[in-house]
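Here the structure is laid out as structure tokens; the discussion comes afterwards.
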Amino acid sequence: MTKKDDINFDYTEEVKKCKTIDDVIGKNGLVQRLIKDVLENILEVEMGEHLGRDKYDRQTDIDQDDRNYRNGYSKKTLRSSFGDWC
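Heads up: the sequence shown runs through residues -4 to 81, numbered per this note's numbering.
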């Protein structure tokens, strides 16, 4: 799923599609998707706070040695007591 698809994801419609408990809390269920989206948003905000600017903003008034950049995205697996989250 791309970032653009994430923006257009409608949880209300997805809830209506759920027929079994696995559709809600299963490996690729709605709860896992919700937690994934929340964690990604939290990490995005944390990175903005760490860098001192929002995504795509540039700071030209800081020393060359103090610059820090985003290096893009890659797929990672978060391991927790609730299982692995991709």
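By construction, the Cβ of each residue, glycine as well, lies at the ideal position given by its N, Cα and C atoms.
Note that this is a predicted model, so its numbers are computed, not measured.
Residue i and residue j closer than 7 Å at C-beta
| i | j | result |
| --- | --- | --- |
| Val33 | Leu25 | no |
Helix, strand or coil at residue i according to DSSP, with G and I counted as helix
| i | result |
| --- | --- |
| Asp49 | coil |
| Gly21 | coil |
| Phe4 | coil |
Candidates the options: closest to residue i by CA position
| i | options | result |
| --- | --- | --- |
| Ser74 | Lys12, Phe4, Asp49, Gln27 | Per the sequence shown, residue 74 should be read as Arg rather than Ser. Residue Gln27 is the option with its Cα nearest to Arg74. |
| Asp79 | Asn36, Lys12, Lys50, Asn23 | Asn23 |
| Lys71 | Lys12, Glu35, Gly21 | Glu35 |
Distance, residue j Cα to residue i Cα
| i | j | result |
| --- | --- | --- |
| Glu9 | Ile30 | 15 Å |
| Ser69 | Phe77 | 22 Å |
| Thr(-3) | Phe4 | Annotation note: pLDDT 44 at Thr(-3) (below 50); position unreliable, no value reported. |
| Lys12 | Tyr6 | 10 Å |
| Arg48 | Lys14 | 43 Å |
Residue range of the unbroken beta strand (DSSP E) whose run includes residue i
| i | result |
| --- | --- |
| Ser75 | 73 to 75 |
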